[in-house]
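The block underneath contains the structure these notes are about, expressed in structure tokens.
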Amino acid sequence: MAILLGQRSLARLAGVHPDLVRVVKRAAAMADARDDFTVLEGVRTKEQCYVNYGKGRTEAECKAAKVPVNYAAPRAGKVTWLGNPLASKHYPRPDGYSHAVDLAPFPIDWNDLKRFDRVAALMLDAAKAEGVAIRWGADWDRDGKPRERGETDSPHFELDR
């Protein structure tokens, strides 16, 4: 039995590459009630990329990355390890689309990693069914061993291109 993506989730898919939207929708169609999930984020603005980059970084680090220093938040937890904040696949690529989406099981319990793993299994199965190559942020090297060596971005899925 499929789950229905709510209006908020569907709105958050606006601007995401159509191939990735197809995968998310197929995953929802393959899910059952215990695997309900929500779309947290699709497209990020330049400002949001700067906000994320500034977390855990000093003014000097922001300046070196050409991020306005007012985004520096050295006491906040670091949320991105990208050297270039606009390299995020959430930021629109040259084709005009975001190539990433963040999903979470609903209701959200950040400590219930088994539910994130079930969403990931749905996404990976849906991607295979749709013929779309994706990567999961908790298994960047795609070796089937999530969260090893700092692979901690359980909500993140991106096109592998």
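Using the working numbering, the first residue of the sequence shown is number 1314, and each one after it goes up by one.
The C-beta atom is built at its ideal place from N, Cα and C for all residues, glycine as well.
Just so you know, these numbers come straight off a predicted model, no measurement behind them.
Worksheet item: Quick one: complete beta strand (DSSP E) runs, 3+ long, within the segment 1314-1388?
Response: With a minimum length of 3 residues, the continuous beta strand (DSSP E) runs that stay inside the segment 1314-1388 are 1350-1354.
Item to complete: Please state whether DSSP places Asp1415 in a helix, a strand or coil.
Response: Asp1415 sits in a strand when the DSSP states are folded into three classes.
Worksheet item: Over what stretch of residues does the beta strand (DSSP E) that includes Glu1471 continue unbroken?
Response: That run of the beta strand (DSSP E) goes 1469-1472.
Practice prompt. Out of Tyr1363, Ala1389, Arg1388, Ile1447, point me to the one whose CA is closest to Ala1377's CA.
Written response: Scanning Tyr1363, Ala1389, Arg1388, Ile1447 for the CA closest to the CA of Ala1377 turns up Tyr1363.
Worksheet item: According to the neighbour-count rule (16 or more other Cβ atoms, all chains shown, within 10 Å of its Cβ), is Thr1351 buried or exposed?
Response: Looking at its Cβ environment, which holds 16 or more other Cβ atoms inside 10 Å, Thr1351 is buried.
Fill in: Local Cβ density within 10 Å of Glu1360, reported as buried at 16 or more and exposed below that
Counting the other CB atoms within 10 Å of its CB gives Glu1360 a total below 16, which places it among the exposed residues.
Worksheet item: Looking at the unbroken alpha helix (DSSP H) that takes in Arg1428, where does it start and where does it end?
Response: Taken as a continuous stretch (DSSP letters only), the alpha helix (DSSP H) holding Arg1428 covers 1426-1443.
Worksheet entry | Residue(s) in a DSSP beta bridge with Arg1448 | Looking at the DSSP assignment, Arg1448 forms a beta bridge with Glu1471.
Practice prompt. Note down the Cα distance separating Pro1468 from Val1414, rounded to an integer number of angstroms.
Written response: Approximately 8 Å between the Cα atoms of the pair.
Fill in: Selection from Arg1455, Leu1353, Ala1389, Gly1450 that minimises the alpha carbon distance to Phe1419
When the alpha-carbon of Phe1419 is set against those of Arg1455, Leu1353, Ala1389, Gly1450, the nearest one is in Leu1353.
Practice prompt. Compute the Euclidean distance between the alpha carbons of Gly1450 and Leu1317, then round it to the nearest angstrom.
Written response: In this structure, the straight-line span from the alpha carbon of Gly1450 to that of Leu1317 is close to 24 Å.
Item to complete: Check whether the segment 1329-1338 touches the segment 1434-1448, taking contact to mean three or more Cβ pairs, one atom from each stretch, closer than 8 Å.
Response: Yes: at least three Cβ pairs fall under 8 Å.
Worksheet item: According to the neighbour-count rule (16 or more other Cβ atoms, all chains shown, within 10 Å of its Cβ), is Arg1474 buried or exposed?
Response: A residue is called buried when at least 16 other Cβ atoms come within 10 angstroms of its Cβ; Arg1474 does not meet this threshold and is exposed.
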